[in-house]
Amino acid sequence: MTAIRPPAVATWLLERLTSGPLREALIGDLIEHYTRRPSRFRYWRQVLTAILTTALRDGWRDKLIIVRGALTGCLAFVLFKEGGDAIFYAVGKVVWNWTVEHGFDTLRVLWFSPRYQLPPAIVLTVSCVSSGWMVARVNGSRPAALLACLMMMFFFNGFFFGAGRLGQAYQVGILHVGPYAYLLQAIAFFLLMPFLVLVGGLVRIAKHPANSSLRGWIA
Amino acid sequence: MSREVLGNFELMVLLALIRLGDEAYGVPISEAIEESTGREVLLGSVYVALDRLQENGFVTSVMGDPTPERGGRAKRYFHITGKGLRQVRETKQALTKLWKGIPELSGGTA
């Protein structure tokens, strides 16, 4: 008889993004629930709500973790972004001269064209992943801190940068003349940035899971 | 009356605990509530409620043995305490007092 196994990715996320002394029992219950009623959709819904509710509970219990998560995320993001921008700006002239000299036009277009904006995209990706990693590192891999950082990224950076790009898209009349670069950038800011933060946090949490004893439970 | 107030869902969890007796852990608790309400219950919410109830001293828990169908993870059995039982009684009394004398709620039809 083949054992009924729940979706592996969902279980992987569940194991890493839940904390507290009830974590093991909760994971076991969700797996048992799936073996009784095997529905992938239901399992994913149960897992995602379990992650969210336990993170909210931890955040409610220790509000400092929310503040620390959001602050760490923003600070790390700004530092990595400003640092990365400065590096790319510093080497920009060298790259320009080198690509002209050696005839690497494609690289020059990718690097300097406002349409592609390769360096800012690289800086942004690294900044988001690094800030997620830093949040998990500084706050002991606690999912509540990562959630706070995600919310901050989504609402602050997403709206700040994403709305700016939408404004630019409107200004250049993108719907009539194309390309959709600004529109794609806006979507990236809204959705991709929080996702990259989550990836960075998960990289850290996967190696160093959260301390499961937030407070003492009677065994 | 004690200071802690039971929410609607917490009351359901406590009643399910009393009903299930020694077999009360996450899955049967959620199934008992599902049967009575007819709606899907999220296990994460059940655990957050149990966590708060335990924090307030209304329930205690003990670890069971790990089983293969749970991926080798142990069950955690929950039991209602004397304080929890008193709280359920007080909540019932308060609700019954509010219930009495409302003509719209008598007769069993909406």
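Line order of the protein sequences matches chains A and B. According to the numbering used here, numbering within the first sequence proceeds without interruption in unit steps and concludes at 384. According to the numbering used here, numbering within the second sequence proceeds without interruption in unit steps and concludes at 133. By construction, the Cβ of each residue, glycine as well, lies at the ideal position given by its N, Cα and C atoms. These numbers come from a predicted model, not from an experiment.
Could you pull the DSSP bridge partners for residue i from this structure?
i: PHE101(B); result: SER84(B)
i: THR90(B); result: ARG96(B)
Could you give the distance in angstroms between the alpha-carbon of residue i and the alpha-carbon of residue j?
i: LEU356(A); j: VAL362(A); result: 10 Å
i: PHE253(A); j: GLY329(A); result: 22 Å
i: VAL174(A); j: ARG210(A); result: 13 Å
i: ARG170(A); j: TYR208(A); result: 11 Å
i: ILE230(A); j: LEU236(A); result: 10 Å
i: GLN116(B); j: GLY124(B); result: 14 Å
i: LEU275(A); j: THR176(A); result: 39 Å
i: THR264(A); j: VAL294(A); result: 29 Å
i: GLU78(B); j: LEU283(A); result: 52 Å
i: VAL256(A); j: ALA313(A); result: 35 Å
i: VAL260(A); j: GLY248(A); result: 18 Å
i: TYR70(B); j: ALA371(A); result: 23 Å
i: SER184(A); j: PRO308(A); result: 7 Å
i: ARG273(A); j: PRO285(A); result: 14 Å
i: ARG226(A); j: LEU29(B); result: 18 Å
i: PHE319(A); j: ASN304(A); result: 19 Å
i: LEU289(A); j: ALA351(A); result: 13 Å
i: ASN262(A); j: LEU349(A); result: 30 Å
i: ASP270(A); j: ASP250(A); result: 22 Å
Which stretch, first to last residue, makes up the alpha helix (DSSP H) that contains residue i?
i: LEU228(A); result: Per the sequence shown, residue 228(A) should be read as Lys rather than Leu. That run of the alpha helix (DSSP H) goes 228-267.
i: ALA188(A); result: Checking the displayed sequence, the identity of residue 188(A) turns out to be Arg instead of Ala. Looking at the DSSP string, the run of the alpha helix (DSSP H) that includes ARG188(A) is 188-201.
i: GLY365(A); result: 358-372
i: GLY185(A); result: Neither: GLY185(A) is in no alpha helix (DSSP H) and is coded neither H nor E.
i: GLN77(B); result: 66-78
i: ASN411(A); result: One cannot answer for residue 411(A) here, as it falls past the ends of chain A, which runs 166 to 384.
i: VAL274(A); result: 270-277
i: LEU34(B); result: 31-43
i: LEU56(B); result: Position check: residue 56(B) holds Ile in this sequence, whereas Leu was assumed. Residues 49-60.
Determine the burial state of residue i: buried for a count of at least 16 other Cβ atoms within 10 Å of its Cβ, exposed for fewer.
i: GLY193(A); result: buried
i: HIS267(A); result: exposed
i: LEU315(A); result: buried
i: ILE287(A); result: exposed
i: SER53(B); result: buried
i: SER378(A); result: The predicted model places SER378(A) with a pLDDT of 41, which falls under 50 and marks its position as unreliable; any figure quoted below should be read in that light. SER378(A) should be labelled exposed.
i: LEU118(B); result: exposed
i: PHE242(A); result: buried
i: ASP74(B); result: buried
i: ALA384(A); result: Because the pLDDT of ALA384(A) is 29, which lies under 50, any placement of that residue in the model is unreliable, and the number read from its coordinates should be weighed accordingly. Exposed, by the Cβ-count rule.
i: VAL36(B); result: buried
i: ARG112(B); result: exposed
i: GLY234(A); result: buried
i: GLY61(B); result: exposed
Using 8 Å as the threshold, is the C-beta distance between residue i and residue j below it?
i: VAL232(A); j: LEU178(A); result: no
i: ALA55(B); j: LEU65(B); result: no
i: PHE245(A); j: VAL300(A); result: no
i: VAL82(B); j: THR114(B); result: no
i: THR218(A); j: SER84(B); result: no
i: SER296(A); j: GLY238(A); result: yes
i: ARG181(A); j: PRO374(A); result: yes
i: ARG7(B); j: ALA190(A); result: In the structure displayed, chain B extends from 24 to 133; residue 7(B) sits before or after that span and is not available.
i: LYS106(B); j: GLY87(B); result: no
i: PRO91(B); j: ALA97(B); result: no
i: ALA215(A); j: LEU187(A); result: no
i: PRO172(A); j: ARG201(A); result: no
i: SER306(A); j: ARG222(A); result: no
i: GLU46(B); j: ALA72(B); result: no
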